[in-house]
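These notes are about the structure you will find just below.
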Ligand SMILES: Nc1ncnc2c1ncn2[C@@H]1O[C@H](COP(=O)(O)OP(=O)(O)OP(=O)(O)O)[C@@H](O)[C@H]1O
Ligand SMILES: [Mg+2]
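Residue numbers (the working numbering), protein chains in the order written: chain A, 1 to 362; chain B, 1001 to 1285.
Right, dumping it as structure tokens:
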């Protein structure tokens, strides 16, 4: 069943359109992650679903019912704020119980639900504390607890982990993954900047750019088959290498040349295109491997080497001046100024036309 | 600020600063100390022996002064207290509601209204006294406490509203929105979230309202004209007999000390909250 549908939704602030033409269906129980560069409208879209921002045009359906004008509290939606937004003058118990108190839920029922949420999030020892007496991670759990207590059908998270340090972020991410398992019927929409959070938590990722959806898909689909240059560059870390290439479309297939030399690839179809275009060839740093000079697709000089422990990243400059990153196992000893010859599996190459759209593979 | 620690470690400078502060403190509080000392002296010694240590100690001023005006002085204190309590309740309620509206709600001409309200800060009190008096006279409310407390329920103290607006603007809007998600309407957001969080600012409002109302002489003089309804400051005025020049100074001083007592107690009790309020409201320049 569809929990949330956005139909051609738009939002502008005084003439400036920040959300344009967003069409999206989120299934019940699904975990959807919004990613995109800062200012692309992720929070705005989330807050439109929550009801905290109005919708200028288009329709929002919740459980199939028109919900543009339904007040936030009646949408069956709970939200976890980036700043946690805990009420500073209430203790943890009161924070958790607040929505139920406002809804006139009976005392025993409030006790039961708060206790259940506190148990689930290991907050029981802190119920009497004020938010400022809690650590960042504990505050985060209280914020999530507030959503759980309401037994909302939909949880919205706006960058919930961005205020935590790296270790705690990993721990809390795993908690959220567990929460997702326990609350399998709860639909979750999650905004993040973090690639790892998006890849690990999401059933589907929505890539936003300048208020538009660039692509929606399972994490691996976005990784393997980005629809355009933007998604290709956004998903994956370090980002995909882009190299200028000349594309010639002939008889439904594509020939790729770099610096006048043809490249052997498993065929990209032309997708109906014709003629010659200046396109882009894409290859991920982790898909590059050392090769003999004769078999190499790319050759370049190492500018800088970064040792990250398990992997080593080489920042290179190709013969024609294009920068390129390659990721190797740590077993590889690399030196600055060294000339590397690299190859990649043809199936790991991506090709984009002059408009930045990916060419379909055969 | 950065050099404060080095100064503090220099004992000579520290002692010098201490002496200076003590000197200033004594200088500032000398009139008050003199008032207290004089209230324990027999009437005849007040001006002939103006030192701080009384040559002769007596409680007569207190005992006599308490009942001198035909009505026990406690009644005047009570009258003052009633007016103060009502004024505080009125100000806490009305100024915070008004401030919430200015800080958080969007309504037509809200900016203009806020500007006008700030303008009233510059309006001298004396300009409005006469028209106000006529209004209350027509309402038949003169010689009651209504003119003194009723306006407080309609957010007339622009300064407090301004103070609270600034404070509320500092509260993250996420809290309002979290409360909205939790099912609160605007009134509930105000009552359950904004009002309690404003506590440090509200303490200031309450204390300043108390101070200003307790020591207000002018408007109480205008509106109250029966001795039984008099407040403490008005009662103190009765000890000064301007026509015969035979004022009961000793009793005046004694009753003044009693009148000051609540202020003193208040400051001792709420010192911490006052400091906190001044720090968090940005009242300090
Ligand atoms: N109240 C507002 N008035 C005017 N413009 C706004 C308002 N809120 C957001 N915007 C604009 O809308 C755009 C999208 O903002 P939004 O907060 O949704 O971005 P975001 O994707 O969440 O960014 P970030 O990742 O930095 O949180 C931005 O360009 C922002 O400047
Ligand atoms: Mg955001």
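C-beta: ideal position from N, C-alpha, C; glycine also.
Keep in mind it's a predicted model, so treat the numbers as computed, not measured.
| Check | Outcome |
| --- | --- |
| Listed by chain order, chain A residues near residue 1175(B) by CB distance under 7 Å | 85 and 87 |
| Helix, strand or coil at residue 89(A) according to DSSP, with G and I counted as helix | coil |
| Residues within the segment 37 to 62 of chain A neighbouring chain B, beta-carbon criterion of under 9 Å | 47, 50, 51 and 52 |
| Interface residues of the segment 1156 to 1180 of chain B facing chain A [CB-CB below 8 Å] | 1172, 1174, 1175, 1177, 1178, 1179 and 1180 |
| Length-filtered (3 minimum) beta strand (DSSP E) runs lying within the segment 77 to 128 of chain A | 77 to 80 |
| Beta-carbon gap between residue 1163(B) and residue 1281(B) smaller than 8 Å | yes |
| CA nearest to the CA of residue 1167(B), picked from 1235(B), 1203(B), 1224(B) and 1140(B) | 1203(B) |
| Alpha helix (DSSP H) segment containing residue 1181(B), residue limits | 1173 to 1181 |
| Residue 362(A) versus residue 236(A): straight-line alpha-carbon distance, rounded | 24 Å |
| DSSP state of residue 1259(B) mapped onto helix, strand, coil | helix |
| Proximity test, residue 1186(B) beta-carbon vs ligand 2 heavy atom, cut-off 7 Å | no |
| Continuous beta strand (DSSP E) stretch holding residue 133(A): start and end | That residue, residue 133(A), is in no beta strand (DSSP E); it is neither H nor E in DSSP. |
| Spatial neighbours of residue 85(A) in its chain, beta-carbon cut-off 8 Å, leaving aside the 5 residues before and after | 143 |
| Residue 38(A) beta carbon near ligand 3 (any heavy atom closer than 7 Å) | Within the structure as shown, ligand 3 is missing, the only ligands being ligand 1 and ligand 2. |
| Neighbour flag for residue 1183(B) against chain A, beta carbons, 8 Å | yes |
| is_contact[residue 1273(B), chain A] using C-beta, thresh 8 Å | no |
| Residue burial classification, residue 182(A) (beta-carbon count within 10 angstroms, cutoff 16) | exposed |
| Residue 288(A) - DSSP class collapsed to helix/strand/coil | coil |
| Best match in 1159(B), 1123(B), 1085(B) and 1124(B) for proximity to residue 1145(B) [C-alpha to C-alpha] | 1085(B) |
| Chain A contacts made by the segment 1187 to 1212 of chain B, where a contact means CB separation under 7 Å | 1188, 1193, 1196 and 1197 |
| Backbone CA spacing between residue 1002(B) and residue 1010(B) [nearest angstrom] | Reliability of the predicted coordinates at residue 1002(B) is poor, the pLDDT of 47 falling under 50, and the value obtained from them is presented with this limitation in mind. Residue 1002(B) and residue 1010(B): Cα-Cα distance of roughly 15 Å. |
| Cβ pair count under 8 Å reaching 3, the segment 197 to 205 of chain A against the segment 168 to 182 of chain A | yes |
| Where the alpha helix (DSSP H) through residue 1089(B) begins and ends | 1073 to 1104 |
| DSSP-derived helix/strand/coil call for residue 1108(B) | coil |
| Buried or exposed by the 16-neighbour rule on C-beta atoms within 10 Å, applied to residue 112(A) | exposed |
| Under the three-state DSSP convention, the category residue 269(A) falls into | strand |
| Cα-Cα separation, residue 271(A) to residue 64(A) | 36 Å |
| CB contact check: residue 188(A) to chain B, cutoff 8 Å | no |
| Residue 27(A) versus 300(A), 119(A) and 185(A), residue with shortest Cα-Cα distance | 185(A) |
| The segment 1186 to 1205 of chain B in contact with the segment 1107 to 1114 of chain B per 3-pair CB rule at 8 Å | no |
| Contact test: residue 159(A) Cβ vs ligand 2 heavy atom, cutoff 7 Å | yes |
| Interface flag, residue 102(A) vs chain B, CB-CB below 8 Å | yes |
| Rounded Cβ spacing between residue 381(A) and residue 289(A) (contact assumed at less than 8 Å) | Here chain A has residues from 1 to 362 only, and residue 381(A) is not among them. |
| Close Cβ partners of residue 275(A) (< 7 Å) along its chain, the five nearest in sequence each way excluded | 249 |
| Short Cβ contact (8 Å threshold) for residue 1118(B) with residue 1158(B) | yes |
| Closer than 8 Å to chain B by CB, residue 238(A) | no |
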